[in-house]
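> Quick one: the structure is below, and I'll ask about it shortly.
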Amino acid sequence: MNYQQPDLLEQLAGAYVLGTLQGRARARFEQLDAQSAGVRAARQRWEDRFMPLLKGLEPVTPSDRVWADIARRIRQAELPAAPAGRRRHVPWRWGLAGLAALSLLIGVSIRLLYPPLQVVAVVGQDAAHPLWNVARSADTATLTVHAVQPVQAEPRKSFELWALPRDGRAPVSLGLLPRSGSLHRTLSAAQRAALQSAGRIAVSLEPAGGSKTGSPTGPVLYVAEVSSAG
Amino acid sequence: MSLPEPDNTELEILLARCARQDPKALEELYRKVAPQLLAVLLRMLRTRDRAEDALQDVFVRIWRQAGQYEARRGRAFAWLVTIARYRAIDLQRAARRLVPLETIDEPAVPAVRPESTLTQRTLDHCLELLSGEQRQCLVLAYQQGLTQDLIAASTGHPLGTVKSWVRRALVSLKRCLES
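Protein chains in written order, with numbering that gives the first Met the number 0: chain X, 0 to 229; chain R, 0 to 178.
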């Protein structure tokens, strides 16, 4: 089979998502998928196309034993995992080089458009009571903040996020925090640099619209360590 | 889903925390999406026991694969659903002889509802343009996880015919959705 034909790739990806691609053909597609961003992109397009067919399903609450079993299984999984099986050498892989090269461009542009998120910090009273999840894109250009639950706010006040540099220099504002929902914010070069070198981030209570001085003026409500593992 | 679809940004952040092996994040994720995923699994696997066993596998898989999730804004929930669907498809394949054919219902193509999204209306519209048989094949395969030979057996059409309906339905659907 020639996977380089766009029509054939579409058929295979569509059949894979439907589940009608079976047996060895299914396994072969999965291997291709692992190797080629173009194949992955074709599969994801079909996943998105079919998603609306799941609307109208009534959610079903699982019985309590399900989470208990999952928790037990992931605790066991903390033991070192067995090394992944070596990839079998299969002849049709040779035909993939062209497709892989073609798909590289698509893959690169997808990564540029949708860089993965890295956790910066979880801000709140303690780990059990998170208020905001703070993350950034892998290229550090975008900050994403999600209010875990609607945050009670005093009238005419705003919550402002600060990067606290390790070397003790002045905090750098990363902007206001949402009281509910999520926001995405493009960071300036100065903000990116400050966040890169920050050991901690802090939240202060400021006049509506944020601090007028460029430094925290109100009480610092929360301080959180910046995750180094990113 | 009848419940609002979970906030994808929130799911992405939870997945990022799962990738760093934070079990609290997995539990939060479970509270948020397990009922939706169980609904998907139940329709494909039919019995509560099988669906709940599959749900466990799905979350263990999410825990292991969270690091492989490529953030594409707005896709986190879709990613979780596909993990569930593919798990169900694998289980169906392993035990497909156990699927009682007489329990297969006529597939209901969801009606266009006022709250339906643009993508939903577009898909509904494009499904409407397919022949009834083509549409039935896609819906049986996608929603109930039926293989082509089971679709053939349950609808009384020859396997070769079912295969060509599926093939042509995919071509037409893609053309319609992209136009």
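The C-beta atom is built at its ideal place from N, Cα and C for all residues, glycine as well.
(1) Check the C-beta distance from Ala12 of chain X over to Trp45 of chain X and give it rounded, since I have them as a contact under 8 Å.
(2) Quick one: which chain X residues come within Cβ less than 7 Å of Gln147 of chain R?
(3) Under 7 Å, do Val202 of chain X and Leu220 of chain X count as touching if we go by C-beta distance?
(4) Of all the CB atoms in chain R, is at least one closer than 7 Å to the CB of Ser179 of chain X?
(5) Compile a chain-ordered list of the residues in the region 137-168 of chain X whose CB is closer than 7 Å to at least one CB of chain R.
(6) For the region 42-52 of chain R against the region 26-34 of chain R, do three or more pairs of beta-carbon atoms, one drawn from each stretch, fall closer than 8 Å, so that the two count as touching?
(7) Which residues, taken in chain order from the region 50-66 of chain X, show a beta carbon closer than 7 Å to some beta carbon of chain R?
(8) Given Val222 of chain X, which residues of its chain have a CB within under 7 Å of its CB, disregarding the five upstream and five downstream residues?
(9) Measuring alpha carbon to alpha carbon, tell me which of X:Thr139, X:Val119, X:Ala169, X:Ser179 ends up nearest Ser226 of chain X.
(10) Reducing DSSP to helix, strand and coil, say where Glu224 of chain X ends up.
(11) Helix, strand or coil for Val59 of chain X? Go by DSSP, reduced to three states.
(12) So, for Val121 of chain X: in the same chain, excluding its five sequence neighbours on each side, which residues have a beta-carbon less than 7 Å away from its beta-carbon?
(13) Would a check of beta-carbon distances place Trp62 of chain R closer than 7 Å to chain X?
(14) Along chain X, in chain order, which residues have C-beta atoms closer than 7 Å to that of Arg166 of chain R?
(15) Run through chain R and tell me which residues come within less than 8 Å of Ile200 of chain X, C-beta to C-beta.
(16) Would Leu137 of chain R pass as a contact of Ala168 of chain R if the rule is Cβ separation under 7 Å?
(17) Buried or exposed, going by whether 16 or more other CB atoms sit within 10 Å of the CB of Thr60 of chain X?
(18) Using a threshold of 7 Å, state whether the C-beta atoms of Leu17 of chain X and Ala140 of chain R are closer than that.
(19) To which residues of the same chain is Ser163 of chain R closer than 6 Å at the C-beta, ignoring the five residues directly before and after it?
(20) Check whether the Cβ atoms of Ala83 of chain R and Leu36 of chain R sit closer than 7 Å, and answer yes or no.
(21) Give the DSSP-derived three-state secondary structure of His145 of chain X in the structure shown.
(22) Between Thr31 of chain R and chain X, is the shortest Cβ-Cβ distance under 7 Å, so that the two count as touching?
(23) For a cutoff of 7 Å on Cβ pairs, would you count Gly144 of chain R as touching chain X?
(24) Within the 7 Å Cβ cut-off, does Arg72 of chain X reach chain R?
(25) Are there 16 or more other CB atoms within 10 angstroms of the CB of Ala145 of chain X, so buried, or fewer, so exposed?
(26) According to DSSP, which residues form a beta bridge with Gln117 of chain X?
(27) Across which residues does DSSP place Ala41 of chain X in a beta bridge pair?
(28) Could you check whether the Cβ of Asp32 of chain X sits closer than 7 Å to any Cβ belonging to chain R?
(29) Find the residues of chain R that neighbour Leu116 of chain X, judging by a C-beta separation of less than 7 Å, and give them in chain order.
(30) Any Cβ of chain R within less than 7 Å of the Cβ of Ala36 of chain X?
(31) Compare the C-beta of Arg48 of chain X against all C-beta atoms of chain R and say whether one is closer than 7 Å.
(32) Closer than 8 Å by beta-carbon distance: list the chain X residues that pair up with Pro34 of chain R, in chain order.
(33) To which residues of the same chain is Pro164 of chain X closer than 8 Å at the C-beta, ignoring the five residues directly before and after it?
(34) Thinking Val32 of chain R and Pro5 of chain R are a contact (beta carbons under 8 Å), I'd like their distance in whole angstroms, please.
(35) Below 7 Å between beta carbons: does that hold for Thr231 of chain X and Thr212 of chain X?
(36) Express the C-alpha separation of Ile69 of chain X and Ala14 of chain X in angstroms, rounding to a whole number.
Result, derived from the coordinates:
(1) Taking C-beta atoms under 8 Å as the contact rule, Ala12 of chain X and Trp45 of chain X qualify, at a distance of about 5 Å.
(2) Those within 7 Å of Gln147 of chain R in chain X are Thr19.
(3) If you check the CB distance, Val202 of chain X and Leu220 of chain X come in under 7 Å.
(4) So no, Ser179 of chain X is outside the interface.
(5) Contact residues of the region 137-168 of chain X toward chain R are Thr143, His145 (C-beta to C-beta distance below 7 Å).
(6) Between the region 42-52 of chain R and the region 26-34 of chain R there are fewer than three C-beta pairs closer than 8 Å, too few to call the two in contact.
(7) Here the close residues are Met50, Pro51, Leu52, Leu53, Lys54, Gly55, Leu56, Glu57, Pro58, Val59, Thr60, Pro61, Ser62, Val65, Trp66.
(8) In the same chain as Val222 of chain X, and ignoring 5 residues on each side of it, the C-beta atoms closer than 7 Å to its own belong to Arg199, Ala201, in chain order.
(9) Minimum Cα distance to Ser226 of chain X is reached at X:Val119.
(10) Under the three-state reduction of DSSP, Glu224 of chain X is assigned to strand.
(11) Val59 of chain X: coil per DSSP, three-state reduction.
(12) Pro129, Asn132, Ala223.
(13) A Cβ of chain X is located within less than 7 Å of the beta carbon of Trp62 of chain R.
(14) Simply Gln10.
(15) Under the 8 Å cutoff, chain R gives no residues; its nearest Cβ is about 15 Å from Ile200 of chain X.
(16) It is a contact, given that the beta carbons lie within the stated cut-off.
(17) Thr60 of chain X is classed as exposed because its beta carbon has fewer than 16 other beta carbons within 10 Å across all chains shown.
(18) A Cβ-Cβ contact shorter than 7 Å links Leu17 of chain X with Ala140 of chain R.
(19) So the list is empty, once near-sequence residues are dropped.
(20) Yes, they are a contact pair.
(21) In the structure shown, His145 of chain X sits in a strand (DSSP, three-state: E or B).
(22) Correcting the residue identity first, residue 31 of chain R is Lys in this sequence and not Thr. Not an interface residue.
(23) Interface residue, yes.
(24) With its beta carbon less than 7 Å from one in chain R, Arg72 of chain X belongs to the interface.
(25) Just to set this straight, residue 145 of chain X is His in the shown sequence, not Ala. By the 10 Å Cβ count, His145 of chain X comes out buried.
(26) X:Arg135, per the DSSP bridge assignment.
(27) For Ala41 of chain X, which the question treats as bridged, DSSP gives no partner whatsoever.
(28) Closer than 7 Å: no.
(29) Here the neighbours are Glu11, Ile12, Ala15, Ala70.
(30) Residue-level contact by beta carbon fails for Ala36 of chain X and chain R, as no gap is shorter than 7 Å.
(31) Chain R, which has a Cβ nearer than 7 Å to the Cβ of Arg48 of chain X, makes this yes.
(32) What Pro34 of chain R touches in chain X: Pro58, Val59, Thr60, Pro61.
(33) Correct list, in chain order: Pro170, Val171, Ala193, Ser196, Ala197, Gly198.
(34) Right, their Cβ atoms sit about 6 Å apart.
(35) Given that chain X is displayed from residue 0 to residue 229, the structure contains no residue 231 of chain X and the question cannot be resolved.
(36) When the Cα atoms are used, Ala14 of chain X and Ile69 of chain X turn out to be separated by approximately 31 Å.
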